[in-house]
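Residues 1 to 127 (our numbering) are what the sequence shown spells out, left to right. Each residue gets a CB set at the ideal place from its N, CA and C atoms; glycine is no exception. In this text, all values refer to a predicted model and were calculated from it rather than measured experimentally. Notes follow once the structure below has been shown.
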Amino acid sequence: SFDLSGKISLSIWNRNAESLVEKSAGLSVLGLVRVNNMFVHSQVQFNIATEVKLSLVSNIDFYSNIALCLQLQQPDSVIKHNVHKVERIPGSKHRLRKSKYKVIPVSGRTYALNQKNNELCNIIFAE
Numbered sequence: 001s002f003d004l005s006g007k008i009s010l011s012i013w014n015r016n017a018e019s020l021v022e023k024s025a026g027l028s029v030l031g032l033v034r035v036n037n038m039f040v041h042s043q044v045q046f047n048i049a050t051e052v053k054l055s056l057v058s059n060i061d062f063y064s065n066i067a068l069c070l071q072l073q074q075p076d077s078v079i080k081h082n083v084h085k086v087e088r089i090p091g092s093k094h095r096l097r098k099s100k101y102k103v104i105p106v107s108g109r110t111y112a113l114n115q116k117n118n119e120l121c122n123i124i125f126a127e
């Protein structure tokens with residue numbers, strides 16, 4: 001699934017503007033492996049899912065010299081991984097169920113676009 005949202009704020013008094021465009025996406029993968037024979041019935045089901053965002057922030061300062069700063073940011077996110085295993089032996093009461101749940105954190109980052117953009121960002125945020 002995908003989601004696109006944004007906002008713009010403009011200050012004529014302070015002579016600056018800021019905009020934000022966010023792109024969100026979700027991904028889920030499901031899988032199932034099954035083995036059935038006369039000795040054992042076994043099944044493993046897995047699921048891996050994540051939801052990531054990407055934000056484009058622009059800051060514009062038109063107080064004296066016009067300066068534009070673009071920042072491409074990816075906030076913190078998590079990856080969820082679940083595994084469920086079921087085993088049965090035909091003709092017996094033996095049944096085994098195991099589940100494992102794992103959450104993997106992914107740190108956010110800011111991507112550098114180009115040198116000129118970095119210089120303009122330093123000018124805007126130095127004030």
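Under the three-state DSSP convention, the category residue i falls into
i: Ala112; result: coil
i: Ile79; result: strand
i: Ile66; result: coil
i: Asn14; result: coil
i: Asn129; result: Missing from the structure shown is residue 129; the chain here goes from 1 to 127 and no further.
C-alpha distance - residue i paired with residue j, whole-angstrom precision
i: Val29; j: Ser77; result: 17 Å
i: Trp13; j: Glu22; result: 27 Å
i: Thr110; j: Gln71; result: 7 Å
i: Leu96; j: Phe46; result: 16 Å
i: Gly108; j: Pro90; result: 49 Å
i: Tyr101; j: Ile66; result: 51 Å
i: Pro75; j: Ser99; result: 29 Å
i: Ile124; j: Arg34; result: 59 Å
i: Leu27; j: Ile79; result: 10 Å
i: Asn114; j: Asn16; result: 22 Å
i: Leu20; j: Lys7; result: 5 Å
i: Leu120; j: Gly31; result: 48 Å
i: Leu54; j: Asp3; result: 11 Å
i: His94; j: Ser1; result: 41 Å
i: Lys116; j: Ala49; result: 37 Å
Contact under 8 Å by Cβ, residue i with residue j
i: Gln43; j: Val83; result: no
i: Ser58; j: Glu18; result: yes
Beta-bridge pairing of residue i - partner residues as DSSP gives them
i: Glu87; result: Ser42 and Leu96
i: Ile48; result: Val29 and His81
For residue j and residue i, believed in contact at Cβ under 8 Å, the rounded distance
i: Ser11; j: Glu51; result: Going by Cβ atoms, the distance from Ser11 to Glu51 rounds to 33 Å, so no, they are not a contact pair.
i: Ala126; j: Asn118; result: Actually they do not touch by this definition, with Cβ atoms about 12 Å apart.
i: His81; j: Ile60; result: 42 Å between Cβ atoms; not a contact.
beta-carbon residue i near the ligand GTP non-hydrogen atom, thresh 7 Å
i: Ser28; result: This structure lacks the ligand GTP; in fact it carries no ligand of any kind.
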